[in-house]
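Residue numbers (our numbering), protein chains in the order written: chain A, 72 to 294; chain U, -1 to 158.
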Amino acid sequence: MSDRTDLLLALADDELILGWRNSEWTGIAPFLEEDVAFSSIAQNEIGHARALYELAAAELGTTADELAFDRRPEEYRSAPLVELRRLEWARTIARHWLYETADEIRLAALKASDDQEIAGLAAKIDREEAYHRMHAEMWIDRLLATDEGHTRLDEAIDELWPYALGVLDEELRPELKARAQERLGRALPDVEAKPRGVHEAELGELWEEMTSVRRSAPPGAQW
Amino acid sequence: MVTADQVWEVLAEIPDPEIPVISLVDLGVVKGVAVDDGTVRVDFTPTFMGCPALEVMQRAMEEKIVELGAVPEVRVRLDDSWSTDDITAEGREKLRVAGFAPPTPRPAGRMELVQLQRGFRCPYCGSTETKLENLFGPTPCRSIRYCESCRQPFEQFKTI
């Protein structure tokens, strides 16, 4: 597998798995606006995953669906941050904000890529991600505005920080740290990043659910 | 022999599957039409990438081209070549009449939440006393706003 395919799959897997996690709030978010917001963000992320899988599929001679659903969980290249299942609001917001901030840094690098297909797609994705970032920033403001919110956010960020670093290649991590420290107004520790490819147990559970319909379909089923 | 003008004409008859008041040509998502012998190649960009109407639009374009007696070749372009700035003036007016506030121009720099919080015109009463209720709405391309003057919620086409 080429480095290019490896990169495309890492990006696509992050977006697919996070999209799935975001969709877990559909119907049960704290209030209706957030139900709509997280459902819509999930839809966008899965749309990005599809386009990225299609680029990889063209190279590998397969299809986006096969890449999304027919690999074994251990073959996914997602970052552990997106695999975690944390149906608690402060952790959801912390993960959302950390991921979107890291993703903005990653997309900026991809937009400057010599590979025109990747640069063009990254630019299009980034236009949509701008709305995810504004949504995440709005929630950081809200949580920082009260003592309880602030405490809960701090705890969530501390827990998720090694995971957030693991979203990015090593050379982009200092920028994430600088931005996060500035926004949160405190120092973040130097810790080992949770590396891509070492999966959280939750990924296996997600995979079982996500692929169950496809796996149960009789051979030759038309979708 | 089919001409490019004929193709543009039939594509302009295809409504957006989720906002049927506006056509695909009004939306500006058809980036190019090329006729080569009996083959019509259409370059097309999705609005939002997770839009479930993508395949419906593609099929509708193919059907129209087949009706003209040509072979369709619809290519999806996945780059930054489409912006809501490409929605035609006519398309914007159709959106407004249907109760959707049209998108504002794409900003030169980074889009900030504060730019979306103020100053948008209510498509029903024309007041600018409106506020952002939710960045997200019933489809990926829309936000929800509320008019403080006529007390009516309305949908805003997102700027991208």
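Glycine is no exception: its CB is placed at the ideal position from the N, C-alpha and C atoms. All figures in this text were calculated on a predicted structure; none of them were measured in a lab.
#### Entry: Beta carbon proximity, Q114 (chain A) to chain U, threshold 8 angstroms
The count along the first sequence starts at 1 and reaches residue 114 (chain A) at position 43. So yes, Q114 (chain A) belongs to the interface.
### Query
How should G89 (chain U) be labelled, buried or exposed, when 16 other C-beta atoms within 10 angstroms of its C-beta is the threshold for buried?
To locate residue 89 (chain U), count along the second sequence from 1; it is residue 91. If you draw a 10 Å sphere on the C-beta of G89 (chain U), you find 16 or more other C-beta atoms in it, and that means buried.
### Task
May I have the straight-line CA-CA distance separating D3 (chain U) from E280 (chain A), to the nearest angstrom?
Counted from its first residue, the second sequence places residue 3 (chain U) at position 5. Counted from its first residue, the first sequence places residue 280 (chain A) at position 209. Across the structure, D3 (chain U) and E280 (chain A) are spaced so that their CA atoms are roughly 49 angstroms apart.
### Option nearest T63 (chain U) by Cα separation, candidates U:L114, U:D34, U:E110, U:A51
Taking the second sequence and counting its residues from 1, one reaches residue 63 (chain U) at position 65. The sequence given here has Ile at residue 63 (chain U), not Thr. I63 (chain U) has its Cα closest to that of U:D34, out of U:L114, U:D34, U:E110, U:A51.
### Query
Within 10 angstroms of its Cβ, does P266 (chain A) collect 16 or more other Cβ (buried), or is it exposed?
Along the first sequence, one-based indexing puts residue 266 (chain A) at 195. Label assigned to P266 (chain A): exposed.
### Contacts that T131 (chain U) makes with chain A (C-beta to C-beta distance below 8 angstroms)
One-based indexing of the second sequence puts residue 131 (chain U) at position 133. What sits at residue 131 (chain U) in the sequence shown is Glu, not Thr. Within 8 angstroms Cβ-Cβ: E104.
#### Entry: Element boundaries [alpha helix (DSSP H), containing L178 (chain A)]
Here residue 178 (chain A) corresponds to residue number 107 of the first sequence, with the count starting at 1. Looking at the DSSP string, the run of the alpha helix (DSSP H) that includes L178 (chain A) is 160 to 182.
### Query
Which ranges does the beta strand (DSSP E) cover as unbroken runs of at least 3 residues, wholly within the segment 60 to 90 of chain U, from first to last along the chain?
Fully enclosed beta strand (DSSP E) runs of 3 or longer: 69 to 74.
### Message
I believe E125 (chain A) touches A135 (chain A) by the beta-carbon criterion, under 8 angstroms. Please report the beta-carbon distance rounded to the nearest angstrom.
### Response
Counting from 1 along the first sequence, the entry for residue 125 (chain A) is found at position 54. Counting from 1 along the first sequence, the entry for residue 135 (chain A) is found at position 64. Contact flag correct, Cβ pair sits at about 5 angstroms.
### Task
Measuring alpha carbon to alpha carbon, tell me which of U:V27, U:E61, U:M47, U:C49 ends up nearest V38 (chain U).
Here residue 38 (chain U) corresponds to residue number 40 of the second sequence, with the count starting at 1. The shortest C-alpha separation from V38 (chain U) is found at U:E61.
### Segment contact flag, the segment 139 to 155 of chain U with the segment 114 to 131 of chain U, C-beta cutoff 8 angstroms, min 3 pairs
By the Cβ rule, the segment 139 to 155 of chain U counts as touching the segment 114 to 131 of chain U, because three or more pairs are nearer than 8 angstroms.
### Message
Below 8 angstroms on the Cβ atoms is my contact criterion, and I expect A99 (chain U) with P121 (chain U) to pass it. Report the Cβ-Cβ distance as a whole number of Å.
### Response
The sequence position of residue 99 (chain U) within the second sequence is 101, counting from 1. The sequence position of residue 121 (chain U) within the second sequence is 123, counting from 1. About 5 angstroms separates the beta carbon of A99 (chain U) from that of P121 (chain U), a gap short enough to meet the 8 angstroms contact definition.
### Message
Can you pull the chain U neighbours of Y202 (chain A), defined as C-beta to C-beta under 7 angstroms?
### Response
Here residue 202 (chain A) refers to the residue found at position 131 when the first sequence is read from its first residue. Near Y202 (chain A) (Cβ distances below 7 angstroms), the residues of chain U are L133, K156.
### Query
Relative to chain A, which residues along the segment 40 to 65 of chain U have a C-beta separation below 9 angstroms, given in chain order?
Result list: T43, P44, F46, M47, G48, C49, P50, L52.
### Task
Could you tell me which of U:V0, U:S141, U:E146 sits nearest to V69 (chain U), measuring between CA atoms?
Numbered from its first residue, the second sequence carries residue 69 (chain U) at position 71. Looking at U:V0, U:S141, U:E146, the one whose alpha-carbon comes closest to that of V69 (chain U) is U:V0.
### Query
Between the Cα of E171 (chain A) and the Cα atoms of A:V238, A:E137, A:K195, which residue gives the shortest distance?
What you label residue 171 (chain A) is simply residue 100 of the first sequence in a count that begins at 1. Per the Cα distances, A:V238.
### Within chain A, partners of L76 (chain U) - CB distance below 7 angstroms
Sequence index remark: in the second sequence, residue 76 (chain U) carries index 78 (1-based). In chain order, A122, G191, L192, K195 make up the part of chain A whose C-beta sits under 7 angstroms from the C-beta of L76 (chain U).
### Task
Taking only the alpha-carbon atoms, compute the straight-line gap between G90 (chain A) and R156 (chain A) and give it to the nearest angstrom.
Here residue 90 (chain A) corresponds to residue number 19 of the first sequence, with the count starting at 1. Here residue 156 (chain A) corresponds to residue number 85 of the first sequence, with the count starting at 1. C-alpha separation (whole angstroms): 12 angstroms.
### Task
List the residues that DSSP assigns as beta-bridge partners of Y144 (chain U).
In the second sequence, counting from the first residue as 1, residue 144 (chain U) sits at position 146. Y144 (chain U) pairs with U:K129, U:P151.
### Query
Within the 8 angstroms Cβ cut-off, does H167 (chain A) reach chain U?
Position 96 of the first sequence holds residue 167 (chain A). Judged by the 8 angstroms Cβ criterion, H167 (chain A) is not in contact with chain U.
### Message
Give me the DSSP bridge partner(s) of R39 (chain U).
### Response
The residue labelled residue 39 (chain U) in the question sits at position 41 within the second sequence. Partner(s): U:A32, U:E71.
#### Entry: Inter-residue Cα distance where the pair is A194 (chain A) and A120 (chain A)
Looking up residue 194 (chain A) in the first sequence gives position 123. Looking up residue 120 (chain A) in the first sequence gives position 49. A194 (chain A) and A120 (chain A) have their alpha carbons spaced roughly 14 angstroms apart.
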